[in-house]
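First residue of the sequence shown: 652, per my numbering; consecutive thereafter. Positions of the beta carbon are idealized from the N, C-alpha and C atoms, including for glycine. See structure below.
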Amino acid sequence: MHRALRAGEHGSRSTLPLRLLLAAALCGVALSGCPLFKKTSSKAPSLQGMALVPAGEFTMGRESEDASPDEAPVRSVWLDEFYIDRLEVTNAQYKSFADSVGRLYPNNPIWDDGYFLGKPDHPVINLTYEQAQAYCAWLGKRLPTEAEWEKAARGTDARIYAWGNEWDETRANLWGDEHGPDVFRRTAPVGSFPEGASPYGVLDMVGNVWEWCADWFELDYYSRAPDRNPPGPEGPAKWRVVRGGGFSSPRRPVGDVTTSNRSKNVGTQTIHHLGCRCAWSPR
Ligand SMILES: [Ca+2]
Ligand SMILES: [Ca+2]
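Shown next, in the form of structure tokens:
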């Protein structure tokens with residue numbers, strides 16, 4: 652699909668944590684100039700909760716009557732070894748980051764004004780690209796490239812869905828509620844669909860929330876991208892890549908849910924069905 656994600660509803664801005672206000676008072680200066688708010692983490696990343704994706708080639712893109720033109724041409728792409736989070740980043744994880752470095756909490760969605768603090772095991776949403784990137788950097792990680800995301804989702808056998816080539820609407824949180832096959836009307840706790848795992852054991856690569864990738868988005872990038880570790884277009888471009896579909900994606904066997912589907916979002920725009928996961932390279 653080529654269309655941008657629709658802008659989501661925005662809840663009211665969360666109250667600054669008490670420790671943040673106290674620290675600001677102690678500093679007596681703008682938050683950005685306060686030494687209490689400097690990034691302090693330079694530790695090597697923990698690989699706990701991450702899946703290893705071995706070095707090698709995989710098939711990127713899909714050419715089919717029901718695929719979009721921007722998924723072509725299909726190429727064999729080499730990626731160096733990397734690690735990727737098995738789960739989407741949760742509210743609790745992002746809260747640890749926000750509290751540690753003195754960032755505002757993301758807005759709650761209009762459908763739940765207690766979402767961020769009240770659902771710690773659900774995916775963090777309403778993040779800008781910069782916020783997602785900063786969270787991963789705080790851990791010594793980074794956002795996955797579009798190519799890494801696709802390999803982590805589909806492995807090396809060019810499968811259409813994370814779990815294989817047969818459509819199965821019970822393996823992902825997509826459009827629908829307790830009356831449908833996945834019981835969740837909106838977000839689900841991360842990792843709620845183990846049967847939807849990718850070949851590397853990565854979960855929720857179909858649905859729950861869309862995920863920011865590192866790359867700029869360009870429709871025709873595959874026609875000129877390198878075949879080894881493609882970094883994405885040079886940019887700057889209008890859009891960033893987002894992948895995987897979300898809880899409001901249509902429940903049908905093509906479109907948002909395929910491993911090769913590409914979509915995009917303006918980097919500064921927050922959406923109530925867009926989150927992230929992080930990656931890391933050992934070199
Ligand atoms: Ca659902
Ligand atoms: Ca997802």
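Delimiting residues of the alpha helix (DSSP H) encompassing tryptophan 800:
797-805
Contact defined as beta carbons within less than 8 Å: I believe histidine 635 pairs with asparagine 742. What is the distance between those atoms, to the nearest angstrom?
Here the chain covers residues 652 to 934 and nothing more, so residue 635 does not appear.
7 Å CB neighbourhood of lysine 915 in its chain, flanking five on each side removed:
Taken in chain order, the residues that qualify are Ala655, Phe868, Trp890, Arg891, Val892, Val893.
Just list the residues that DSSP pairs phenylalanine 868 with in beta bridges.
Trp890
Can you tell me whether DSSP reads histidine 653 as helix, strand or coil?
Here histidine 653 scores only 44 on pLDDT, less than 50, and its place in the model should not be relied on; the value that follows carries that caveat. The answer is coil: DSSP assigns histidine 653 none of H, G, I, E or B.
Can you tell me whether methionine 701 sits near ligand 2, meaning its C-beta is under 7 Å from at least one heavy atom of the ligand?
no
To the nearest angstrom, how far is it from the Cα of arginine 836 to the Cα of tryptophan 762?
11 Å
To the nearest angstrom, report how far apart glutamine 699 and alanine 723 are at their CA atoms.
35 Å
I think histidine 923 touches isoleucine 776, with their Cβ atoms under 8 Å apart; what is that distance to the nearest whole Å?
5 Å
Residue from Pro887, Gly896, Val905 with nearest C-alpha to glycine 918
Pro887
Quickly, what does DSSP pair tyrosine 734 with across the bridge? List them, please.
Leu703, Trp931
Three-state class that DSSP yields for threonine 779 in the structure shown
coil
When you compare only the Cα positions, how much space is there between leucine 703 and tyrosine 756?
30 Å
According to DSSP, is threonine 710 helix, strand or coil?
strand
Just to check, is the beta-carbon of glycine 895 closer than 7 Å to a non-hydrogen atom of ligand 2?
yes
Assuming alanine 930 contacts lysine 792 (C-beta within less than 8 Å), just tell me the rounded distance between them.
In this structure alanine 930 touches lysine 792 by the C-beta definition: roughly 6 Å separates them, less than 8 Å.
Strand pairing of valine 728, partner residues [DSSP]:
Phe709
Same chain only: Cβ atoms within 6 Å of methionine 856, ignoring 5 sequence neighbours per side:
Ala804, Ala813, Ser849, Gly895
Helix, strand or coil for lysine 690 per DSSP?
Any reading at lysine 690 is ruled out, since the residue's pLDDT is 41, under 50, leaving its predicted position unreliable.
Per-residue DSSP class, three states only, for asparagine 742:
helix
Cβ-heavy atom distance between glutamate 862 and ligand 2 below 7 Å?
yes
Taking the C-alpha atoms as reference points, what is the distance between serine 727 and glutamate 885?
21 Å
How long is the line joining the alpha carbons of aspartate 878 and isoleucine 811, rounded to whole angstroms?
The alpha-carbon atoms of aspartate 878 and isoleucine 811 are separated by roughly 20 Å.
Boundaries of the alpha helix (DSSP H) in which tyrosine 873 is found, first to last residue:
Counting along the chain, tyrosine 873 falls outside any alpha helix (DSSP H), and DSSP gives it neither H nor E.
Quick check: the Cα distance between arginine 737 and glutamate 862, rounded to an integer number of angstroms?
13 Å
Please state whether the Cβ-Cβ distance between aspartate 648 and threonine 796 is less than 8 Å.
Coverage of the chain is limited to positions 652 through 934, which leaves residue 648 absent and any answer about it impossible.
To the nearest angstrom, how far is it from the Cα of arginine 713 to the Cα of serine 911?
Taking C-alpha positions only, arginine 713 is separated from serine 911 by approximately 6 Å.
Start and end residues, alpha helix (DSSP H) containing phenylalanine 767:
766-769
Sorted by chain position, which residues of the same chain lie with C-beta nearer than 6 Å to proline 832's C-beta, five sequence neighbours on each side aside?
Glu820, Thr821
For glutamate 797, is the beta carbon positioned less than 7 Å from some heavy atom of ligand 2?
no
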